[in-house]
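In what follows, a single structure is set out as C-alpha cells and then discussed.
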Ligand SMILES: Nc1nc2c(ncn2[C@@H]2O[C@H](COP(=O)(O)OP(=O)(O)O)[C@@H](O)[C@H]2O)c(=O)[nH]1
C-alpha cells in the first residue's frame with residue numbers, strides 16, 4: 001500500500017472542507033458515528049443538504065466562526081492507496097500554514113470558486129506550491145453547479161490560470177485541471193452527468209494514478225547523524241552506531257564515506273535496522289550505520305559518499321518564508337536548524353521582498369513580517385553542509401528559531 | 001546477513017512503497033530526536049496497544065543500546081487487571097524502568113475530587129496526577145501514543161507539541177512543523193508532548209502488531225464476559241468501578257475491547273475476533289470509529305479539545 005500526502009489550498013468558502021468531506025463520503029471513509037454527527041448538526045443548522053465541512057473542521061473556534069484556522073490532517077484510503085490530506089487554510093494571513101502543509105506533501109489541490117475565477121489568492125496558492133516544488137498540482141474548479149456547468153466559463157478560468165503558469169519558476173511542475181462540484185459530488189469520486197463535455201479523469205481517478213516517484217528521494221545520499229548509539233554492554237563493547245535517516249539515493253556496506261565537517265574518510269561497515277544487518281539503506285529509512293574506523297562523529301555531523309560532497313560554507317542566500325509576528329531584520333540573530341544540525345545565523349542582508357502573486361513587484365526592505373517571502377543572505381558561526389533546495393529537498397531547507405521565544409519563526413530554501 | 005534492500009521511507013513526506021515501513025521509520029526518527037534534544041524524556045505508558053507499540057519502536061530506535069528513558073504509568077486504579085499484569089511482565093522482560101503514579105494519591109491528598117453518579121470516571125482526574133509527576137521528575141518531554149486519526153482536535157496536534165508551565169496546550173499558537181525538522185527548544189518549566197505515531201491510523205497500529213508479532217493484553221481479544229447494556233454501549237459488569245443501576249441486566253456475552261482506557265469509561269464491542277489476524281480483519285471492516293466506544297468524548301463535541309487545553313495526554 002502506498003501513501004500520498006496532499007496539501008490543499010483555497011480561499012475561505014471556496015469549498016475546501018466540502019471537497020474533503022465529499023472525498024471521504026464518496027470513498028465510504030466516514031464512519032457511521034461521524035456521519036450521524038454530521039447529519040445531526042446539518043439538520044440543527046437547518047440545512048437541507050449534508051454539511052461535509054463538519055467532517056474536518058476540528059477546533060471549537062473553527063466551528064464557532066465556521067472557518068479553518070490551522071493545518072489539520074485527514075486520513076482515508078482506497079483499495080490501492082492511503083491518503084493524508086493536509087487541510088491548510090487559505091486566508092491571506094495564513095501563508096505560513098500553507099507552506100507548512102506543502103512542505104511535507106507530494107501533491108497539491110488548488111481550489112477555485114468557478115463564480116469568481118482566478119483571483120489574487122489563487123496566484124499566491126500557486127506561487128507557494130511552485131516555490132516548494134510540489135510536483136503535481138491539481139486545479140479543482142469548484143461550484144460548477146452554480147455556473148450551470150458551463151464549459152465555456154471553465155475554459156476561460158483555465159486560460160487565466162495558464163497565463164500564471166508561464167510565469168512560474170519551477171516549469172516542470174505538472175498541472176491538471178478538473179471541473180467539480182464538491183457539494184453535489186460531480187467529478188470528485190464519481191463522474192459528472194452534468195458535464196459530459198469533460199473527458200478527463202475525476203479527482204480521485206487522477207490521484208490514484210499519480211506518478212509514483214518520491215520527490216523526497218531525489219538527489220544524492222545525505223546521512224545527517226541524529227544520535228550516537230553506544231550500548232556499553234559486554235556483547236557490544238566497542239559498538240558505536242550512528243543513527244539517522246538516509247535522504248536521497250542509497251548507501252551500501254563498503255561505500256567510502258566522508259564525515260562532515262571533520263572530512264575524515266572511512267568505509268561503511270554495517271547497516272543495522274533494529275537487530276538485522278542490511279546491505280543497503282535507502283528511501284528515508286531510519287537505520288544505524290557503523291564505520292570501519294574509529295572516527296569521531298557526533299549529532300549534527302553528516303555522512304556523505306566520497307566524491308559527492310555538498311557545499312560546505314558559512315554563508316549563503318536563501319528564499320525565506322517568514323512565519324512569526326516578530327519581524328526579521330537585518331543584523332538579527334537566530335538559531336538555524338538545518339536538518340538535525342543547529343548553528344547560529346545572522347541576517348546579513350535582505351535583498352528584496354518577493355510579492356508572492358506573480359505581480360513582479362519586488363520591494364526593497366530591511367524587515368520581514370509574517371507571511372513575507374524574500375531573498376535573504378546569512379552568515380553563520382559554523383559551516384553547514386547543504387545542497388540547493390532544487391536539487392535536494394531535505395538538505396536544501398532549514399528553519400529559523402527565535403532564541404528568545406523558541407518559536408519556529410521562518411523556513412528557508414537555499415539557492 | 002539479510003540481502004534484501006531495506007525500504008523504509010517516511011510517510012509524512014511523500015510516496016513510500018510500504019506504508020507500515022514508512023510509518024515505522026518516521027516514528028523511530030522522532031524517538032531519536034527526543035533522546036537527542038531533551039534531558040529528561042519519559043514514555044507515557046498506559047498498557048494499551050498504542051503505548052505497547054511505542055515501546056517496540058523505542059527498542060528498535062536505540063538497538064543495541066537500551067531504551068534511554070523510563071516509562072511512566074498514571075494509574076487510575078481502575079485499570080483492567082489484565083493490563084496491569086501485562087505491564088509488569090513487559091517491563092520485567094525488557095529490563096525497563098517503570099515509574100507509577102496513582103490517581104488515588106491525588107484524591108487522598110485532596111487535589112482532585114472523585115466524580116460520582118452514572119458516568120463517574122477517573123479519566124479527567126489523571127491530568128492532575130500527570131502534571132504533578134512531570135513536575136516531580138522535571139520531565140521535559142513526554143512521549144505519548146495519540147494519533148491524529150482518533151479525533152478531530154487531535155488532527156491539529158503537532159508531533160512536538162509544547163505545553164506551558166501549567167501543562168496547557170495553546171492550539172492557536174502552535175509551532176509550524178516543516179519537512180522533517182522538529183524544534184524542541186523550550187523554556188525551563190515547559191515540556192513537550194511528543195507523538196511519534198501521529199500519522200498512524202488504528203488499522204496501521206493493528207497491522208504493525210500483527211507484522212511484528214507484538215504481545216498485547218488479552219482483553220483486546222474476544223472473550224466471554226459478564227456485561228450489561230446502556231446507551232447502546234456494552235459495559236463490563238465484572239468490576240464495581242463501573243456503575244450499574246439495578247434495572248440494568250447482566251448477561252454473559254463474547255466481547256473484546258478496542259481500547260483499554262479506564263474501566264469506568266471503556267466500553268466493549270461484541271466480537272468473535274480471538275486472534276490478531278481476526279482482529280485486523282474486523283478493524284478493516286469496522287464502521288464505528290474507535291473513539292465511539294469512549295464515553296468521555298460523547299459528553300460534548302468539544303470534549304477532547306477542552307481536556308487537551310487543560311493538560312490531558
Ligand atoms: N453550490 C455549491 N456550493 C458549494 C460547493 N462547494 C462548497 N459549497 C458551499 O460553499 C460554502 C463554503 O464551503 P466550505 O467547504 O466551508 O469552504 P472552505 O472555507 O473552503 O472550507 C458552503 O456553504 C458550501 O456548502 C459546490 O460545489 N457547489
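Protein chains in written order, with full-length UniProt numbering: chain A, 1 to 415; chain B, 1 to 313.
Just so you know, even glycine gets a beta-carbon here, dropped at the ideal spot from N, CA and C.
- Membership of residue 237 of chain A in any alpha helix (DSSP H) is not indicated, and neither H nor E is assigned to it by DSSP.
- Not one heavy atom of ligand 1 is found less than 6 Å from the C-beta of residue 192 of chain A.
- The C-beta distance from residue 70 of chain B to residue 98 of chain B rounds to 7 Å, short enough to meet the 8 Å contact threshold.
- By the CB criterion at 7 Å, residue 64 of chain B and residue 127 of chain A fall outside the cutoff.
- The C-beta distance from residue 160 of chain B to residue 184 of chain B rounds to 6 Å, short enough to meet the 8 Å contact threshold.
- For residue 81 of chain B, the secondary structure class from DSSP, reduced to helix, strand or coil, is helix.
- The residue among A:20, A:45, A:74, A:220 with its C-alpha nearest the C-alpha of residue 53 of chain A is A:20.
- In terms of Cα proximity to residue 278 of chain B, the closest of B:38, B:168, B:222 is B:222.
- In summary, residue 296 of chain A is exposed, with fewer than 16 beta-carbon neighbours lying within 10 Å of its beta-carbon over all protein chains present.
- What residue 124 of chain B touches in chain A, judged by beta-carbon distance under 7 Å, is nothing: the nearest beta carbon there is about 18 Å away.
- For residue 326 of chain A, the three-state secondary structure derived from DSSP is coil.
- Spanning the alpha carbons of residue 28 of chain B and residue 198 of chain B requires a straight line of approximately 12 Å.
- Chain B places a beta carbon closer than 7 Å to that of residue 231 of chain A, counting this residue as a contact.
- A residue is called buried once 16 or more other Cβ atoms fall within 10 Å of its Cβ, and residue 201 of chain B is buried on that count.
- For residue 188 of chain A, the distance from the CB to the nearest heavy atom of ligand 1 is not below 6 Å.
- Under the 8 Å Cβ criterion, the region 134 to 148 of chain A counts as touching the region 107 to 125 of chain A, having at least three qualifying pairs.
- At a cut-off of 7 Å between beta-carbon atoms, residue 274 of chain A makes contact with chain B.
- Under the 8 Å Cβ criterion, the region 27 to 38 of chain A does not count as touching the region 96 to 103 of chain A, having fewer than three qualifying pairs.
- For residue 9 of chain A, the shortest C-beta to heavy atom distance toward ligand 1 is 6 Å or greater.
- According to DSSP, residue pairing for residue 412 of chain A in a beta bridge involves A:320, A:398.
- For residue 44 of chain A, the Cβ stays outside the 6 Å cut-off from all heavy atoms of ligand 1.
- Looking only at A:273, A:289, A:231, the smallest Cα-Cα distance to residue 259 of chain A is reached by A:289.
- At least one heavy atom of ligand 1 falls within 6 Å of the beta-carbon of residue 145 of chain A.
- Exclusion of residue 238 of chain A from the 6 Å shell around ligand 1 follows from its C-beta lying no nearer than that to any non-hydrogen atom of the ligand.
- Contact with chain A is absent for residue 105 of chain B, since none of that chain's Cβ atoms lies less than 7 Å from the residue's Cβ.
- Shown in chain order are the members of the region 20 to 42 of chain B whose Cβ falls below 7 Å from a Cβ of chain A: 22, 25, 28, 29, 32, 33, 35, 36.
- In this structure, residue 397 of chain A sits near residue 389 of chain A, with a CB-CB distance shorter than 7 Å.
- Within the DSSP secondary-structure output, residue 367 of chain A pairs in a beta bridge with A:329.
- For residue 226 of chain A, the enclosing beta strand (DSSP E) starts and ends at 222 to 229.
- Cβ-Cβ distances below 7 Å link residue 216 of chain B to 49, 52, 209 in the same chain, with the five nearest sequence neighbours on each side left out; the list follows chain order.
- DSSP lists B:228 as the bridge partner or partners of residue 235 of chain B.
- Going by beta carbons, residue 345 of chain A and residue 334 of chain A fall inside the 7 Å limit.
- Here residue 238 of chain A has no same chain residue with a Cβ atom under 8 Å from its own Cβ, once five neighbours each way along the sequence are excluded.
- Distances between the C-beta of residue 300 of chain A and the heavy atoms of ligand 1 are all 6 Å or more.
- Where residue 358 of chain A is concerned, there is no enclosing beta strand (DSSP E), because DSSP gives it neither an H nor an E.
- Residue side-chain check: residue 12 of chain A places its Cβ nearer than 6 Å to a non-hydrogen atom of ligand 1.
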